[in-house]
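According to our numbering, the sequence shown holds residues 17 to 283 in order.
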Amino acid sequence: MESILNFFSNLDSTTIVTGIIIVVSAVLLIILEKKFPYTKGQRLLREGFFNDLLMYTIVQSYLLGLVVAEIIRFIDAQTGIQRYQLLADVPVWAIVLGSLIFHDFYIYWFHRWMHNNKFLWRLHEAHHSTKEVDWLSGSRSHALEILINQTIEFAPFILLGAPAEAAIIKGCVSAVWGMWIHANLDVHTGKLHYIINGPEMHRWHHSDKHEEAYNTNYATKFAFWDYMFGSAFFPEGEKPKYYGLSNFFPSNYFKQFFFAFRRMREE
């Protein structure tokens with residue numbers, strides 16, 4: 017238990033650097049979206065911008081970080097697994113790379129399940145509710161979905177004794193990558209799109225009223241999962257015309273949270 021407490025206390029010295037990297041990345045993407053927009057004329061202060069920035073990106077992220085930390089402490093208190101320090105001698109770069117691949121594989125299948133399970137879709141539909149996709153829209157995800165994903169993302173390698181730097185770098189990569197794949201950027205990665213996920217593939221995942229694109233492109237970082245498991249959709253020369261949900265979805269954060277628990281027959 018003491019080693020877990022030391023782990024989280026060590027985060028204080030690196031969170032400032034991480035925060036700077038994330039803020040600089042956000043500012044850079046805002047500038048690039050203005051200079052090279054995929055959807056021309058899209059506003060920075062779009063509908064739901066402040067809800068996504070204040071409630072999801074700042075408040076929810078902070079509170080869920082505290083909850084995930086407590087869950088990890090509880091698991092360690094029950095199992096004592098962290099004392100074995102199984103990853104203590106593994107290089108940080110190897111831990112980060114391994115966790116990126118492992119977590120993206122998990123996210124692919126959990127994401128796919130959310131699109132094919134009625135209750136899980138209720139949690140996930142918040143993420144698909146933005147009518148305009150940009151660097152910030154990826155932050156809109158239901159608290160329970162994030163709680164599940166971040167616990168599975170961080171608990172294994174923290175409990176196995178990974179240094180705090182590994183968690184910080186992994187979290188930073190995930191945050192920046194989430195902004196990148198949702199960015200309103202007219203970018204073309206060429207053959208790399210078979211390996212690395214980017215805006216040109218992920219925007220199809222958020223498209224609406226395009227039946228062939230439904231339930232495709234589940235991967236977050238590594239597009240090869242979609243090609244490997246037959247869910248890739250990338251029609252060259254075509255553009256999504258609509259984003260978001262066809263059905264009603266509330267605009268207030270708290271209403272969005274509780275909307276996931278409406279009766280199943282209500283649509």
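Virtual Cβ for every residue (Gly too), placed ideally from N, Cα, C.
- Going by DSSP, His218 is part of the alpha helix (DSSP H) stretching over Pro215 to His221.
- Taking Gly214 as reference, the option from Glu227, Lys225, His226 and Phe249 with the minimal CA-CA separation is Phe249.
- Separation of Gly35 and Gln76 (C-alpha to C-alpha, rounded to the nearest whole angstrom) is 16 Å.
- DSSP places Arg156 in no alpha helix (DSSP H); its state is neither H nor E.
- DSSP, reduced to helix, strand and coil, places Leu139 within a helical segment of the structure shown.
- Only buried fits Ala235, as 16 or more other CB atoms lie within 10 angstroms of its CB.
- When DSSP states are grouped into helix, strand and coil, Leu176 belongs to the coil group.
- In the DSSP assignment, Leu201 forms a beta bridge with Pro53.
- Exclusion of the five residues before and after Gly260 leaves His144, Ser145, Thr146, Lys147 and Asp224 as the residues of its chain whose Cβ lies within less than 7 Å of its Cβ.
- The residue among Glu181, Glu216 and Ser190 with its C-alpha nearest the C-alpha of Thr55 is Glu216.
- According to DSSP, Phe238 shares a beta bridge with Ile212.
- Judged by DSSP secondary structure, Leu82 falls within the alpha helix (DSSP H) whose first and last residues are Ser77 to Thr95.
- Contact between the segment 102 to 111 and the segment 148 to 163 is absent: fewer than three C-beta pairs spanning the two stretches fall below 8 Å.
- Listed in chain order, the non-local C-beta contacts of Ile211 below 8 Å within the same chain comprise Phe238, Ala239 and Phe240, local neighbours out to five positions each way being set aside.
- Sequence-distant Cβ neighbours of Val84 in its own chain, meaning closer than 6 Å and more than five residues away, are Gln166 and Thr167.
- The beta-bridge partner set that DSSP reports for Tyr259 consists of Ser223.
- Beyond the five residues adjoining it in sequence on each side, Leu48 comes within less than 8 Å, by CB distance, of Ala199 and Leu201 in the same chain, given in chain order.
- The beta carbons of Val203 and Ser41 sit no closer together than 9 Å.
- Here Met71 carries a helix assignment [DSSP, helix/strand/coil].
- Contact annotation, Ile111 with Phe173: C-beta distance approximately 6 Å; criterion of less than 8 Å satisfied.
- The residue from Ile46, Gly64 and Lys186 with its alpha-carbon nearest to that of Gly114 is Lys186.
- Inclusion of Ser155 and Thr205 in the CB contact set at 9 Å is not warranted, their separation being larger than that value.
- Under the criterion of beta carbons closer than 8 Å, Met280 and Lys134 qualify as touching, at roughly 6 Å.
- Here Phe249 carries a coil assignment [DSSP, helix/strand/coil].
- With a beta-carbon spacing of about 22 Å, Leu160 and Leu175 fall beyond the 8 Å limit used to define contacts.
- Secondary structure at His144: helix, using DSSP grouped into helix, strand and coil.
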